[in-house]
Ligand SMILES: Cc1cc2nc3c(=O)[nH]c(=O)nc-3n(C[C@H](O)[C@H](O)[C@H](O)COP(=O)(O)OP(=O)(O)OC[C@H]3O[C@@H](n4cnc5c(N)ncnc54)[C@H](O)[C@@H]3O)c2cc1C
Ligand SMILES: Cc1cc2nc3c(=O)[nH]c(=O)nc-3n(C[C@H](O)[C@H](O)[C@H](O)COP(=O)(O)OP(=O)(O)OC[C@H]3O[C@@H](n4cnc5c(N)ncnc54)[C@H](O)[C@@H]3O)c2cc1C
Ligand SMILES: Cc1cc2nc3c(=O)[nH]c(=O)nc-3n(C[C@H](O)[C@H](O)[C@H](O)COP(=O)(O)O)c2cc1C
Ligand SMILES: Cc1cc2nc3c(=O)[nH]c(=O)nc-3n(C[C@H](O)[C@H](O)[C@H](O)COP(=O)(O)O)c2cc1C
Ligand code: FES
Ligand code: FES
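Residue numbers (my numbering), protein chains in the order written: chain A, 1 to 223; chain B, 224 to 446; chain C, 447 to 741; chain D, 742 to 1036.
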């Protein structure tokens, strides 16, 4: 059952080059880590998909990078503004893992704080382009941080159940190292709920909808 | 030479059901009474034509009625906002008249305060739909006011050089009574400076551009 | 009557959204299965959406054997959007259908093969089925009323207006097309005046029932299509923003119609073609009619 | 090269605006004088403009005798937009012109009479004049590239893309058309993706010089049309908002081109058709390419 409502912005705070958009939770469910929400981007035709980053009581918090028209519109929201939010959507991470290790690249760390909370604070490795970007690691206390030219893949201990989100190349590298890893992917999305067939990804040789089959997929299913 | 610039809003005040939009004059010329300006209507594709209502030192003031999308966008402007203004445009009133009498109907009174100032405060007759609308008469102190079902045309003394602005029917009635009257007309305008041929009016059997030939025309030329 | 626009809703993924409509329109079904185009398939523009899905669908046989029976379970009237690359292909699919309304997609901008003339396809389908046949046309026609008349003469029972029109968007940095396919179909708010014009002229030309669509996101949008001549309205792109759109558009449509004095939205059908009424001569309107129109 | 769009500027009323362009394009000239359509002739929509001016112009004879000599006084290259209702009419006007570029308006949505096929008109004009001939096409064609190829084969030296497309807007209260004529030509921001697609496919199909237009209001818009294949850009509706548009668009065009590493805006011509460059594989772009496209 799809749930969409209007939510008040509580705060919209800089976190390094990113923004943490905190909205009133209202009647929305936070869902499972790795699930996402479609956020109204004021003035734009389509909403934008965002993972839930944190779920403090009464709040839904999203960490995002202003990269284009939609995310810049989100960055301009101020406390007291309202926006429509649809979700939670898609399939999140499976939480029944024995030795979880969280791996994030850049803004791909967005779903990890909420995931970490649900998993009781497992070890985490984060990679960033610059030290400024790496300030976001504060949202995941205790995480190990690599800053380019360092790569997260150089810091991954063996014998873990990897749960990862980040740029495509990072996910491919992680998937190659850990065939059982759960990887959260991205694709341009118009609807987020299976209506448009816009988010096609090639799975086993046919185009599937990432918003329906994912965004979290087993690494083995993707090669 | 067309002149267009960005101007700061000084105030946007209610006057009965109308708004008086006061903007910083900057380098714009106020022009001749009856001339008009094209005002950027935020969020709309086209600007909106408005007569200059008052020209206190350092200001350009416009009186307008919020009737549609564009004028509602203008009504939402706040002090400190900026908008682009093009003008003055078109042909204003001839001021070389012996016994001027100003006649205004509803929001058609907009150009009269500035006109009155330039003519040294001649007699004026204003007609309004309701007493609430008639509050705008305060902008033209000393004017005689008719409120419906009263009609301005019932209050017009003979022997005057009439300068009038108002709804089409009023102008037609005034023109019939005073063939020498100067009448300020309206037409939908896209550009205001002769570029689009959108503001066509039938003058002597051919379509002419009101923004080029008018908006002020001699009554005799219009029948 | 409110429908989803073809290709803009998966009733099996979100049956509750489908049930908010009066009937469900399927994504276009082609004779053979289609994988659709390579991603990127969607790109937002300032005033609309470009898509190049490319008619991804399981093909006729699987549709008939698996999908359609599942759709029947919704308990809604079903409209099947039929596509193909020759009149015969369309006609064969039509011959295999029963107990549905058929919408012939004569106008997808996202496939390379050009179908035959609309009227030939309609005639071939008419020969194969007694089911209600709607011809869905693109606005990219020099004279859409002409094509609508030809479709009517060939036996169409109604028209669906409009499909997307070809558009392109370039990447901010690379200046190359944002869609992998290059151009795509343009839908959403920017399309509304184009859709209104198509409905207006085709209503005048044919008097047929018309499903109006193109940029509908409010009840007012729906009312305008009805006023232009639509007997039903479909919602497409607006569903992506808000799966609650059918409820909202319907409620607002009733309100907007009532506010203008219509007992029922459909009482406004074709009102845009009515001669100037007394109402239209109210003071407010007179105020803004251009000077001198009456000499 | 920056031009005004035909019908969107009166160079004699505001010569300083015309001089900000590299050439002046006249409003379409027809053989006989035309009064144009009855008002109301313009209506703004949320994302564009509808007009039904109806080719108001003084007619060929007066244009040649009075207007054109005055325009020569501007000291600008002159493009004459030629209209008509048969190939002969177009051809005769062309035969009477010299020392101008000719733009054949094959696509006005605001007159009732349908002109003959574009290629016939181009061929007839080609036979009558050695002057540069641009064919101006509407985007309301099932396959604009096809028509562009036919125009090229018939002797067109270039293309002007695009004219307006038919649109309609209804009055808030009466639900009747806001334009007296009913439908009108839709221009402005909403048209931009449609114009880009037309330029893109016609550049590919013909390689001809192209004047790109449709919704240009920024330098970035102009750059995108050039990237899609335009060799010149025209500004129409944006002039109504801002007669300073030519200066602003030109300055921003140079800046936008430079910011992406092009020495001159025209160095970006057709770049949208280039194969993925190294630049396009930079990290920023890779981040957002869809997952799994490479199996
Ligand atoms: C399931 C899912 C969850 C997501 N969760 C998050 C999240 O929690 N936080 C977050 O910041 N983003 C997240 N994203 C990505 C986010 O949705 C996009 O960044 C956003 O839609 C871009 O919109 P825009 O209008 O700003 O950019 P667009 O206008 O779409 O693009 C403008 C420019 O930005 C560039 N761009 C677009 N997307 C990206 C990208 N992802 N990275 C870098 N450059 C890009 C494009 O190249 C383009 O030049 C998620 C995506 C999906 C599918
Ligand atoms: C030369 C000139 C000078 C003008 N000076 C002034 C002025 O000083 N003050 C001022 O308020 N207006 C003035 N106007 C009229 C003003 O330009 C219009 O009211 C305005 O453009 C309407 O824009 P809109 O977007 O609000 O309405 P639109 O969206 O264009 O129309 C919306 C609705 O408003 C109604 N409407 C439109 N125009 C009028 C009108 N004039 N009266 C009543 N209803 C209307 C329409 O019927 C429509 O239903 C002038 C017009 C001209 C040509
Ligand atoms: C993502 C997407 C997919 C579409 N798929 C189809 C389709 O399969 N068949 C069809 O006839 N129309 C298809 N259309 C066109 C819509 O049915 C509709 O005609 C068009 O989008 C205009 O309506 P809108 O502006 O409300 O979206 C599609 C449109 C979109 C946006
Ligand atoms: C008011 C108006 C009048 C126009 N008159 C003509 C014309 O006479 N001849 C012509 O070929 N195009 C005419 N056009 C079309 C424009 O030249 C241009 O092709 C179209 O408006 C798209 O560009 P734009 O979006 O920048 O306005 C006219 C457009 C407008 C808005
Ligand atoms: S985003 Fe629409 S189907 Fe996945
Ligand atoms: S408003 Fe454009 S010509 Fe008068």
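Glycine included, every Cβ here is placed at the ideal spot set by N, Cα and C.
- Using a CB distance cut-off of 8 Å, residue 966(D) does not count as an interface residue toward chain B.
- Between the alpha carbons of residue 385(B) and residue 254(B) lies a gap of roughly 20 Å.
- Contact between residue 351(B) and residue 309(B) fails: their C-beta atoms lie close to 30 Å from each other, not under 8 Å.
- Between the C-alpha atoms of residue 78(A) and residue 973(D) there is a straight-line separation of about 42 Å.
- Ranked by Cα distance from residue 331(B), the options 315(B), 293(B), 368(B) and 388(B) are led by 388(B).
- CA-CA distance, residue 658(C) to residue 862(D), rounds to 35 Å.
- The beta carbon of residue 192(A) sits closer than 6 Å to those of 38, 49, 89 and 211, all from its chain and outside the five residues before and after it, given in chain order.
- In terms of CA proximity to residue 133(A), 106(A) leads the group 188(A), 100(A) and 106(A).
- Here residue 922(D) carries a coil assignment [DSSP, helix/strand/coil].
- Assigned with DSSP and collapsed to three states, residue 161(A) falls in strand.
- In this structure the region 782 to 796 of chain D lies against the region 905 to 921 of chain D, because at least three pairs of beta carbons, one per stretch, are closer than 8 Å.
- For residue 686(C), the enclosing alpha helix (DSSP H) has its first and last residue at 683 to 687.
- Using a cutoff of 7 Å, the CB of residue 420(B) counts as near ligand 6, since one of the ligand's heavy atoms is closer than that.
- With fewer than 16 other beta carbons inside 10 angstroms of its own, residue 516(C) counts as exposed.
- With respect to chain D, the C-beta atom of residue 306(B) has no partner C-beta closer than 8 Å.
- Residues of chain B with a Cβ closer than 9 Å to the Cβ of residue 780(D) are, in chain order, 410, 411, 421, 422, 423, 424, 425 and 430.
- Beta-bridge pairing by DSSP links residue 425(B) to 430(B).
- For residue 942(D), the enclosing alpha helix (DSSP H) starts and ends at 933 to 947.
- Counted as a single uninterrupted DSSP element, the stretch harbouring residue 107(A) is not any beta strand (DSSP E), since DSSP gives it neither H nor E.
- Taking a beta-carbon distance threshold of 8 Å, residue 368(B) does not count as an interface residue toward chain D.
- Under the Cβ criterion of 8 Å, residue 435(B) is counted among the residues facing chain D.
- In this structure, residue 261(B) has its beta carbon at no less than 7 Å from each heavy atom of ligand 5.
- Under the DSSP definition of a beta bridge, residue 61(A) partners with 22(A) and 54(A).
- With three or more CB-CB distances shorter than 8 Å, the region 863 to 870 of chain D counts as touching the region 826 to 838 of chain D.
- Within the same chain, Cβ atoms closer than 6 Å to the Cβ of residue 479(C) are found at 504 and 505, the five residues on either side in sequence being excluded.
- Listed along chain D, the residues sitting closer than 8 Å to residue 639(C) by beta-carbon distance are 786, 789, 791, 908, 909, 910, 927 and 931.
- For residue 167(A), the nearest beta carbon of chain C is not closer than 8 Å to its own beta carbon.
- With fewer than 16 neighbouring CB atoms inside 10 Å of its own CB, residue 544(C) falls in the exposed class.
- Cβ-Cβ distances below 7 Å link residue 917(D) to 911 in the same chain, with the five nearest sequence neighbours on each side left out; the list follows chain order.
- A direct Cα-to-Cα measurement between residue 189(A) and residue 489(C) gives close to 9 Å.
- The beta carbon of residue 187(A) sits closer than 6 Å to those of 199, 201 and 210, all from its chain and outside the five residues before and after it, given in chain order.
- When Cβ-Cβ separations below 8 Å define contact, residue 502(C) makes contact with chain A.
- 670, 673 and 674: these are the residues of the region 655 to 679 of chain C whose beta carbon lies less than 7 Å from some beta carbon of chain D, given in chain order.
- Beta-bridge pairing by DSSP links residue 659(C) to no other residue.
- Going by DSSP, residue 582(C) is part of no alpha helix (DSSP H) but of the beta strand (DSSP E) stretching over 579 to 583.
- In chain order, 1 and 2 make up the part of chain A whose C-beta sits under 8 Å from the C-beta of residue 462(C).
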